[in-house]
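Undergrad: If you read the sequence shown in our numbering, its first letter stands for residue 10, the second for the next number, and so on.
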Amino acid sequence: MIIDNNLLDEIGAEAAASARKRKNFNFHKSPSDPMQRMINVLHPNSYVQPHKHESPDKREAFILLKGRLLVILFADDGTITSRCILSRDDEVYGIEIPACTYHTIIALEQGTCVYELKDGPYAPEDDKHFAAWAPSEKEAKQAEVYLSQLMKNE
């Protein structure tokens, strides 16, 4: 599979049309694949509830292809421990997040696109452990307020 602007534009259009304002395109073909690989396109105001990957423990990496992405890491109590902006202009291209670390990502530009890698295999029932201290995606108003709070310093 070749990753080019045509592919990114296609995924970006699907992301823009979706209610969640984001879209994944998976390269791994089987849930049992030992490494999950995907393109993830996000638009601003797409809320990703903070979560971590544990039991089984999984690392996750994001490599920026287009746009700008804010990556926030949290302590177990919800305190922000680290903020990083992936930006080609600033020559910050990627981040690897350790297993068992709460994190979220926020698109700072339309059509922000990352290549995402995560240890497999994929099992939907235990892939993400969502932070109880953050609103779920289903709580639209609370999620909007929380996202605004996270963005205050950007």
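Even for Gly, the Cβ is constructed at its ideal location relative to N, Cα and C.
DSSP on N33, reduced to helix/strand/coil?
TA: Three-state DSSP puts N33 in a strand.
Undergrad: Helix, strand or coil for E125, going by three-state DSSP, please let me know.
TA: If DSSP states are grouped into helix, strand and coil, E125 belongs with the strands.
Undergrad: Mind checking T110: buried by the 16 CB within 10 Å criterion, or exposed?
TA: Classification of T110: buried, given that the 10 Å Cβ count is 16 or more.
Undergrad: Is the CB-CB distance between M44 and N33 below 8 Å?
TA: For M44 and N33, no; Cβs fall outside 8 Å.
Undergrad: In the DSSP assignment, what residue or residues form a beta bridge with M44?
TA: Note: M44 sits in a beta bridge opposite D128.
Undergrad: When the Cβ atoms of the stretch 145-163 are set against those of the stretch 96-109, are three or more pairs found closer than 8 Å?
TA: With the cut-off at 8 Å, the stretch 145-163 and the stretch 96-109 do not touch.
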